[in-house]
Amino acid sequence: MSASAASTFQKSLPGSEDLAYLVDNLHFGQKVERAKQLLRWAFDNYGDNAVVANSLGKDSMVIWDLAKRVNPNVKGFIVTTYYKPAETIEFMNNLVNDNPNLKVYGSAHKVDDLYKTDPDKCCQILKVEPVRQAVEELNVSCWITGLRCTEGRTRTDFKEIEERDEGLIKLNPILLFKEREVWQYLALFQVPVNPLYAEGYRSLGCAPCTSITTEDNERAGRWLNSSKCGGECGIHTQPLKDVKTANV
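Here the sequence shown stands for residues 6 to 253, where the numbers follow our numbering.
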């Protein structure tokens, strides 16, 4: 499907030109149905090449559950690192055991304490490159994410259907969900979540770069006290298709 056809479908959705209005004025049930409509469109047009990127966080678990309801045979991938907390690794292993269509990717490169001196490069090696590998190996034409536009300062200009990376459609079905609506969905549909949330975390990543904070910003605990504080690892800001793997 062409980018123009995707854009046409996007414009056919009610109020699609004013996402800020939709965030505040659609109720929970309407947002869930809208997400399912977006997912049905993706699977109808991209089939097995529409793949879920699962970060193991609360938002990804909503997307994974929604996607399976729309397409029980949906495929997905997880990118893990050797810095992930033990709780996250255990949660991942249990999830993969229950969902054989989820494939795990990770970098074999050792970066030692690079996260202390160059966190951007650390994320590039451990997260961005494995995502590029997954996109290539799984022949992904449409990747499905759990991005939300109210999640943090770096996530306010995304759309529900995008082609920031030429030749790769990006679908953000729960872009309109607020944090409380994510937890509402997880509770109502009894979706399992990482146990670290019960300890006070609101956004999860690698152990050295994830902290508990009382800030209003949901992602404030990510890369705390660094230039990346509350920012991104790079998979949502860099090209993922037709890019040669970096020599590291």
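All C-beta atoms, glycine included, are put in the ideal place defined by N, C-alpha and C.
*Look at the alpha carbon of phenylalanine 153 and the alpha carbon of valine 67, and state the distance between them as a whole number of angstroms.*
Here the sequence assigns arginine to residue 153, which means phenylalanine is not the residue at that position. Arginine 153 and valine 67: Cα-Cα distance of roughly 12 Å.
*Check isoleucine 83 in the structure and name its three-state DSSP category.*
strand
*Beta-carbon separation of leucine 181 and tryptophan 148 under 9 Å?*
no
*Could you tell me whether the Cβ atoms of glycine 226 and isoleucine 240 are closer together than 9 Å?*
no
*asked:* Buried or exposed, going by whether 16 or more other CB atoms sit within 10 Å of the CB of glutamate 167?
replied: buried
*Grab me the residues of asparagine 252's own chain with a C-beta within less than 6 Å of its C-beta, minus the 5 sequence neighbours each way, in chain order.*
With a pLDDT of 40 at asparagine 252, under the threshold of 50, the modelled position of this residue cannot be trusted; read the value that follows with caution. For asparagine 252, where only same-chain residues beyond five positions count, there are no Cβ hits under 6 Å.
*Closest residue to asparagine 104 among Cys127, Tyr120 and Val79 (Cα-Cα distance)*: Val79
*Compute the beta-carbon to beta-carbon distance between valine 109 and leucine 245, rounded to the nearest angstrom, for a pair I have assumed lies under 8 Å.*
Actually they are not in contact, since the Cβ atoms of valine 109 and leucine 245 sit about 17 Å apart, beyond 8 Å.
*Run through DSSP, which three-state label would lysine 175 get?*
strand
*asked:* Rounded to whole angstroms, what is the Cα-Cα separation between phenylalanine 96 and proline 19?
replied: 37 Å
_Do aspartate 64 and isoleucine 174 have their beta-carbon atoms positioned less than 9 Å apart in this structure?_
no
*By a C-beta neighbour count over all protein chains shown, 10 Å radius and 16 as the cutoff for buried, is threonine 250 buried or exposed?*
Caution applies to threonine 250, whose pLDDT of 44 falls short of 50 and renders its modelled position unreliable; the model cannot decide the point.
*Between the Cα of glutamine 243 and those of Asn222, Glu171, Thr215 and Tyr202, spot the shortest distance and give me the residue it belongs to.*
Glu171
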